[in-house]
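The structure appears right after this line, and notes come after that.
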Amino acid sequence: NVELLHAYKRLADQQAAFASRNLAMGTPTVIIAVLLLYAFNSLAEAKGMMRQLESMSLLGEPASLGFGCKGITSEKDREEVLRLHNEYRANLTKGATVVHSMTGKKQALPAAKNMYELEWDCDLEAKAEDAMNMTCKYAARRRQVCIKFNKPVEEYGVQGVLQQWWEEGLGFDTLERRFEDFSVENFVNMASGRNTKIGCAVTKRGQRADVYCLYDLFVTIPILVSFMSHNGILDD
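Sequential numbering of the sequence shown, starting at 1, is according to UniProt numbering.
Okay, here's the thing in structure tokens:
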């Protein structure tokens, strides 16, 4: 049936386009396991599957698996926090350079090994939200208030906050591979190879975005943790 073959081709082309776009964006995607190997019983069934595919990419947006969490944080912010964390961590496996966005100061970091990709954890997110409701202090930081940018939150959002955390790496002791004060604690938790899970609460209002993140193996100051080995970040 020529029309059925055309339907197969359109379905395969759609799937390839969806997968390519979503992988490039680095967001969780729905992978449609239906190609020419799928034996449709009828043309109507093939067309039905194509309509389902089209609905999964409404207005050109990538279809998301969703995180299944309930809370104040939007799905978009969950995706962005997780994506940015894993992008920074992936860069560490190659040996990254931290550059201060204002001064241009640089700090070369050793390449990491055995770096886990972080997964989102709804329980950690719920605990982060509880903590955020008690204080505006965020992530590992305990002695400094939240960042306030002198521009609308839409211009920097989550990315601006996480960039400031990452830039704390300028103060990381690459010789001793240790940290001993609060000035780099956000960076250490972002970069620790021991962490496998993350959950964050995000709010945006006025000129401030508050991001409070918790990790499964939280690195704290009282325990001076040497989180980088001579060959990179430690595994279990």
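Ideal placement from N, C-alpha and C gives every residue a C-beta, glycine not left out. Values in this document were obtained by computation on a predicted structure and should not be read as measured data.
Query                                                                                                                                                                                : Result
Along the alpha helix (DSSP H) that carries K106, what are the first and last residues, could you check?                                                                             : K106 -> not in any alpha helix (DSSP H); beta strand (DSSP E) instead, spanning 106-108.
On the three-state DSSP scale, how would you describe C69?                                                                                                                           : coil
Measuring only the C-alpha atoms, how far is D216 from L124?                                                                                                                         : 8 Å
Give every residue of the same chain whose Cβ lies closer than 6 Å to the Cβ of V99, excluding the five residues on either side of it in the sequence, and list them in chain order. : K106
List the endpoints of the continuous beta strand (DSSP E) containing G199.                                                                                                           : 197-205
Indicate whether L214 and G199 have their beta-carbon atoms separated by less than 9 Å.                                                                                              : yes
Measure the Cβ-Cβ separation of E129 and G71 and say whether it is below 9 Å.                                                                                                        : yes
Here's the rule: buried if 16 or more other CB atoms are within 10 angstroms of the residue's CB, otherwise exposed. What is T73?                                                    : buried
If we ignore side chains and look at the alpha-carbon of each, how far apart do S183 and G171 end up?                                                                                : 7 Å
Which of the three DSSP states is assigned to A96 in this structure?                                                                                                                 : coil
If you draw a straight line from the alpha carbon of L92 to that of A191, how long is it in whole angstroms?                                                                         : 8 Å
As a quick exercise: from A112, E79, C122, pick the residue whose alpha carbon is nearest that of G68.                                                                               : C122
Straight-line CA distance for A111 to E167?                                                                                                                                          : 17 Å
For Y212, which residues does DSSP report across the bridge?                                                                                                                         : A201
Which residues mark the beginning and the end of the alpha helix (DSSP H) in which M190 is found?                                                                                    : 185-191
Return the first residue and the last residue of the alpha helix (DSSP H) that G171 is part of.                                                                                      : That residue, G171, is in no alpha helix (DSSP H); it is neither H nor E in DSSP.
According to the Cβ coordinates, are L82 and A96 closer than 9 Å?                                                                                                                    : no
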